[in-house]
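*Asks:*
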Amino acid sequence: MHVFFPSNSYQFYLHFRLRVGSNRWRFLQQSLLDLDKNLRSINSRLYVIRSDPTNSFAKIFKDWDVVLLTFESDIEPYSVKRDNEVIKIAKQYKVQVEQEISHTIFNPELVLQKNGGSPPMTYQKFQSIVSSLKTPSPVDNLPKIPSSCKPALDKSEIKDGSCYDVPSLSEMSVDEDALEPTKFPGGETEALRRMEMCLKRTKWICDFEKPNTSPNSLEPSTTVLSPYLKFGCLSSRLFYQRIKNVYKSGGKHSQPPVSLEGQLIWREFYYTVAAATPNFDKMEGNRICTQIPWSNNKKFLDAWTNGQTGFPFIDACMRQLRKEGWIHHLARHAVACFLTRGDLWCHWEEGQKVFEELLLDADWALNAGNWMWLSASAFFHQYYRVYSPIAFGKKTDKEGLFIKKYVPELRNYPSGIIYEPWKASLENQKKYKCIICR
DNA sequence: TGCCTCGTTGCGTAA
DNA sequence: ATTACGCAACGAGGC
Numbered sequence: 235m236h237v238f239f240p241s242n243s244y245q246f247y248l249h250f251r252l253r254v255g256s257n258r259w260r261f262l263q264q265s266l267l268d269l270d271k272n273l274r275s276i277n278s279r280l281y282v283i284r285s286d287p288t289n290s291f292a293k294i295f296k297d298w299d300v301v302l303l304t305f306e307s308d309i310e311p312y313s314v315k316r317d318n319e320v321i322k323i324a325k326q327y328k329v330q331v332e333q334e335i336s337h338t339i340f341n342p343e344l345v346l347q348k349n350g351g352s353p354p355m356t357y358q359k360f361q362s363i364v365s366s367l368k369t370p371s372p373v374d375n376l377p378k379i380p381s382s383c384k385p386a387l388d389k390s391e392i393k394d395g396s397c398y399d400v401p402s403l404s405e406m407s408v409d410e411d412a413l414e415p416t417k418f419p420g421g422e423t424e425a426l427r428r429m430e431m432c433l434k435r436t437k438w439i440c441d442f443e444k445p446n447t448s449p450n451s452l453e454p455s456t457t458v459l460s461p462y463l464k465f466g467c468l469s470s471r472l473f474y475q476r477i478k479n480v481y482k483s484g485g486k487h488s489q490p491p492v493s494l495e496g497q498l499i500w501r502e503f504y505y506t507v508a509a510a511t512p513n514f515d516k517m518e519g520n521r522i523c524t525q526i527p528w529s530n531n532k533k534f535l536d537a538w539t540n541g542q543t544g545f546p547f548i549d550a551c552m553r554q555l556r557k558e559g560w561i562h563h564l565a566r567h568a569v570a571c572f573l574t575r576g577d578l579w580c581h582w583e584e585g586q587k588v589f590e591e592l593l594l595d596a597d598w599a600l601n602a603g604n605w606m607w608l609s610a611s612a613f614f615h616q617y618y619r620v621y622s623p624i625a626f627g628k629k630t631d632k633e634g635l636f637i638k639k640y641v642p643e644l645r646n647y648p649s650g651i652i653y654e655p656w657k658a659s660l661e662n663q664k665k666y667k668c669i670i671c672r
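Going letter by letter, the first sequence gives residues 235 to 672 in the numbering used here.
(1) Roughly how many whole angstroms lie between the Cα atoms of residue 572 and residue 513?
(2) With a CB to CB cut of under 6 Å and the five nearest residues on each side skipped, what residues in its chain are close to residue 332?
(3) Can you tell me the Cα-Cα spacing of residue 413 and residue 254, whole angstroms?
(4) Which two residues bound the contiguous alpha helix (DSSP H) that contains residue 345?
(5) If you count every other CB in all the chains shown that lies within 10 Å of the CB of residue 464, and 16 or more means buried, which is it?
(6) In the DSSP output, which residue or residues are listed as bridge partners for residue 529?
(7) Enumerated in chain order, which unbroken segments of the alpha helix (DSSP H) with a length of 4 residues or greater are wholly contained in the stretch 572-650?
(8) In whole angstroms, what is the alpha-carbon distance linking residue 611 and residue 517?
(9) Got a sec, what are the start and stop residues for the beta strand (DSSP E) residue 330 sits in?
(10) Determine the DSSP secondary structure at residue 506, reduced to helix, strand or coil.
(11) Determine, using beta carbons only, whether residue 600 and residue 462 come nearer to each other than 8 Å.
(12) Could you check whether the stretch 371-386 touches the stretch 268-278, counting it as contact only if at least three pairs of C-beta atoms, one from each stretch, sit closer than 8 Å?
(13) Going residue by residue through the stretch 246-280, where are the continuous alpha helix (DSSP H) segments of at least 4 residues, counting only ones entirely within it?
(14) Please confirm whether residue 622 and residue 582 have their CB atoms less than 8 Å apart.
(15) Using the beta-carbon count (16 or more within 10 Å), is residue 457 buried or exposed?
(16) Report buried or exposed for residue 264, applying the criterion of at least 16 other Cβ atoms within 10 angstroms of its Cβ.
(17) First and last residue of the alpha helix (DSSP H) that includes residue 360?
(18) Under 8 Å: do the stretch 398-415 and the stretch 431-446 share three or more Cβ pairs, one atom per stretch?
(19) Expressed to the nearest angstrom, what Euclidean distance is found between the alpha-carbon atoms of residue 602 and residue 642?
(20) Taking the alpha-carbon positions, what's the residue 672 to residue 657 distance?
(21) With residue 306 as the anchor, note down where its beta strand (DSSP E) starts and where it stops.
(22) Is DSSP giving residue 519 helix, strand or coil here?
(23) Specify the secondary structure class of residue 481 as computed by DSSP and reduced to three states.
(24) Under 8 Å by Cβ, that's how I've got residue 506 and residue 302 pegged, so tell me the actual separation to the nearest angstrom.
(25) If you reduce the DSSP assignment to three classes, tell me which class residue 201 lands in.
(26) Is there at least one non-hydrogen atom of the ligand FMN closer than 7 Å to the beta-carbon of residue 478?
(27) Could you check what DSSP says for residue 238 in three-state terms: helix, strand or coil?
(28) Kindly indicate which three-state DSSP category residue 452 falls into: helix, strand or coil?
(29) Return the residue from the list 653, 511, 392 that minimises the CA-CA distance to residue 354.
(30) Quick test of the definition: if touching needs 3 or more C-beta pairs under 8 Å, does the stretch 522-540 touch the stretch 482-494?
(31) Determine the closest residue to residue 392 out of 371, 298, 493, 579, with distance taken between C-alpha atoms.
(32) Can you grab the Cα-Cα spacing for the pair residue 655 / residue 375, in whole Å?
(33) Tell me the rounded alpha-carbon separation between residue 670 and residue 616.
(34) Pick from 538, 606, 474: whose alpha carbon is nearest that of residue 521?
(35) I'd like to check one pair, residue 334 with residue 310: are the Cβ atoms closer than 8 Å?
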């Protein structure tokens with residue numbers, strides 16, 4: 235029997251909540267339901283084991299007569315430790331183990347090797363390394379499992395009486411009623427639908443330049459495929475190949491780092507550096523991270539976390555994040571700069587924790603890497619280039635419609651002053667039905 | 001994968 | 001009528 239544990243993508247342990255907000259639990263649950271549905275269409279199903287890996291594997295190997303265990307390699311220290319423990323158990327039970335690289339386009343270890351053992355620390359350098367590598371193709375669709383190998387699908391067929399169904403949200407202690415309606419449903423089906431929708435817009439794909447997309451449009455100005463890449467609903471290799479195909483048909487197109495292809499390369503870049511850098515998600519003990527005496531101001535951190543800083547653009551971004559689980563990449567830049575080097579001088583690790591909880595696409599390597607970038611701790615060092623919490627949003631939303639949507643108490647403020655409402659006279663503040671306190 | 005200032009330009013308006 | 005002025009839009013360069 236062949237047991238498939240998608241390790242990187244579907245870590246689900248009831249007792250081990252990590253920093254996962256309700257939105258992401260829901261996204262995961264929807265993704266699992268969709269995976270189960272798709273597996274059933276090829277005569278299989280998903281078995282969700284409600285325990286932690288180190289305790290459950292010994293029992294599974296024995297009870298299920300497992301001979302082969304395959305799983306996707308991961309670089310996150312938590313996962314590496316877990317996988318090594320499972321491999322040890324597999325050896326005890328004489329189960330053959332195969333690890334595959336499939337979460338990233340390139341194998342981080344191979345890139346490191348090509349660069350003489352150390353990670354390329356700039357995007358350009360990284361690009362030149364991977365340009366000499368063969369681009370792995372995505373896997374073909376899985377064939378139907380022959381009926382002779384069909385696993386037990388229904389409860390009645392499962393001998394030990396255990397429940398292997400995808401848990402409901404309430405079983406995962408998620409209060410569904412407290413959540414907003416699903417804006418980005420989890421699962422491969424939705425991922426592919428969304429990708430196809432984006433790929434149809436040939437000109438948009440070819441002209442894509444990340445710095446020219448809007449952080450504060452009312453509907454996302456980018457693909458929002460990141461949550462699907464993170465959870466393995468969408469293969470980075472498939473998306474990469476499909477973008478390249480659009481380039482072939484569309485002629486002239488933008489280039490990395492700003493192009494759409496370039497966005498996927500950024501992901502590869504962070505994965506590779508993260509794989510080779512101990513304590514990548516911390517300042518201390520992290521050899522690439524500038525050591526900065528951040529202050530420990532709980533009041534500032536709480537205000538930022540809850541979208542209560544008093545800067546409407548910053549608060550709108552943070553409230554969108556909490557509500558919907560996604561904000562634009564440049565909005566992440568603005569709020570991260572604001573929390574750290576720009577204004578509040580709070581530790582980037584605190585921001586990292588908040589993003590980890592709230593983002594549907596929270597990804598260990600990308601989250602840490604980008605927080606170091608934005609706090610000017612690594613990769614980027616021009617600390618005096620600061621995003622203005624007032625001017626930055628104005629460039630793409632002069633009217634302040636984004637602010638009115640997510641900070642509705644300011645909806646009566648005129649566009650000329652909505653980015654800095656404290657400039658309104660007290661008389662006008664009363665007229666606009668929102669008094670600004672200091 | 002900035003912001004700010006300043007200089008230039010072009011347009012509308014009013015004396 | 002011609003001209004002076006204000007202002008917005010834009011781009012370059014310094015920080």
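In this text, a Cβ means the ideal position worked out from N, Cα and C, and glycines have one as well. Predicted, not measured: the structure shown is a model, and the values here were computed from it.
*Replies:* This is what the structure holds:
(1) Counted from its first residue, the first sequence places residue 572 at position 338. Counted from its first residue, the first sequence places residue 513 at position 279. For residue 572 and residue 513, the distance between alpha carbons rounds to 24 Å.
(2) Indexing the first sequence from 1 puts residue 332 at position 98. The answer, listed in chain order, is 304.
(3) Walking along the first sequence from the start, residue 413 turns up at place 179. Walking along the first sequence from the start, residue 254 turns up at place 20. Residue 413 and residue 254: Cα-Cα distance of roughly 14 Å.
(4) Indexing the first sequence from 1 puts residue 345 at position 111. For residue 345, the enclosing alpha helix (DSSP H) begins and ends at 342-348.
(5) Position 230 of the first sequence, counting from 1, holds the residue named residue 464. Looking at its Cβ environment, which holds 16 or more other Cβ atoms inside 10 Å, residue 464 is buried.
(6) Start at 1 with the first residue of the first sequence, and residue 529 comes out as number 295. In the DSSP output, where bridge partners are listed per residue, residue 529 has 580.
(7) 582-592, 598-608, 625-628, 635-640
(8) On the first sequence, position 377 is the one that residue 611 refers to. On the first sequence, position 283 is the one that residue 517 refers to. Computed Cα separation, rounded: 8 Å.
(9) The sequence position of residue 330 within the first sequence is 96, counting from 1. It spans 330-334 - the beta strand (DSSP E) in which residue 330 sits, taken as one unbroken run.
(10) The residue given as residue 506 occupies position 272 in the first sequence. Note: residue 506 maps to helix in three-state DSSP.
(11) In the first sequence, residue 600 corresponds to position 366, counting from 1. In the first sequence, residue 462 corresponds to position 228, counting from 1. Taking 8 Å as the Cβ cut-off, residue 600 and residue 462 do not qualify as a contacting pair.
(12) yes
(13) Here the runs fully enclosed are 256-274.
(14) Residue mapping note: residue 622 aligns to position 388 of the first sequence, counting from 1. Residue mapping note: residue 582 aligns to position 348 of the first sequence, counting from 1. In this structure, residue 622 keeps its C-beta atom at 8 Å or more from the C-beta atom of residue 582.
(15) As a first step, residue 457 is located in the first sequence; it is residue number 223 there, counting from the start. When all chains shown are included, residue 457 counts as buried.
(16) Your numbering for residue 264 matches position 30 in the first sequence. Classification of residue 264: buried, given that the 10 Å Cβ count is 16 or more.
(17) Position 126 of the first sequence, counted from the first residue, corresponds to residue 360. Here the alpha helix (DSSP H) through residue 360 covers 357-364.
(18) no
(19) Numbered from 1 along the first sequence, position 368 holds the residue referred to as residue 602. Numbered from 1 along the first sequence, position 408 holds the residue referred to as residue 642. Straight across, the Cα-Cα distance linking residue 602 with residue 642 is about 32 Å.
(20) Translated into positions along the first sequence, residue 672 becomes position 438. Translated into positions along the first sequence, residue 657 becomes position 423. Put simply, the backbone Cα of residue 672 is about 12 Å away from that of residue 657.
(21) Along the first sequence, one-based indexing puts residue 306 at 72. 302-306 is the extent of the beta strand (DSSP E) around residue 306.
(22) By one-based count along the first sequence, residue 519 stands at place 285. Residue 519 falls in the coil class under three-state DSSP.
(23) Working through the first sequence from its first residue, we reach residue 481 at position 247. Taken through DSSP and simplified to helix, strand or coil, residue 481 comes out as helix.
(24) The count along the first sequence starts at 1 and reaches residue 506 at position 272. The count along the first sequence starts at 1 and reaches residue 302 at position 68. Wrong, their Cβ atoms sit about 29 Å apart, outside the cutoff.
(25) Because the chain here runs from 235 to 672, residue 201 falls outside it and cannot be looked at.
(26) With respect to small molecules bound, the structure shown includes none, and the ligand FMN cannot be examined in it.
(27) Here residue 238 refers to the residue found at position 4 when the first sequence is read from its first residue. Note that residue 238 has pLDDT 38, beneath the 50 cutoff, so the model's placement of it is unreliable and the number below is only indicative. Per DSSP, reduced to three states, the secondary structure at residue 238 is strand.
(28) Residue mapping note: residue 452 aligns to position 218 of the first sequence, counting from 1. Reduced to three states, the DSSP call for residue 452 is coil.
(29) What you label residue 354 is simply residue 120 of the first sequence in a count that begins at 1. Comparing Cα-Cα distances from residue 354 to each of 653, 511, 392, the minimum goes to 511.
(30) Counting C-beta pairs closer than 8 Å gives fewer than three between the stretch 522-540 and the stretch 482-494, which falls short of the contact rule.
(31) Residue 392 sits at position 158 when you count from the first residue of the first sequence. Of 371, 298, 493, 579, the residue nearest in Cα terms is 298.
(32) Taking the first sequence and counting its residues from 1, one reaches residue 655 at position 421. Taking the first sequence and counting its residues from 1, one reaches residue 375 at position 141. Residue 655 and residue 375: Cα-Cα distance of roughly 55 Å.
(33) Against the first sequence, residue 670 aligns to sequence position 436. Against the first sequence, residue 616 aligns to sequence position 382. Rounded to whole angstroms, residue 670 to residue 616 spans 33 Å at the Cα level.
(34) By one-based count along the first sequence, residue 521 stands at place 287. That would be 606, whose Cα lies nearest to the Cα of residue 521.
(35) In the first sequence, residue 310 corresponds to position 76, counting from 1. In the first sequence, residue 334 corresponds to position 100, counting from 1. Cβ distance not < 8 Å, so residue 310 and residue 334 don't count as in contact.
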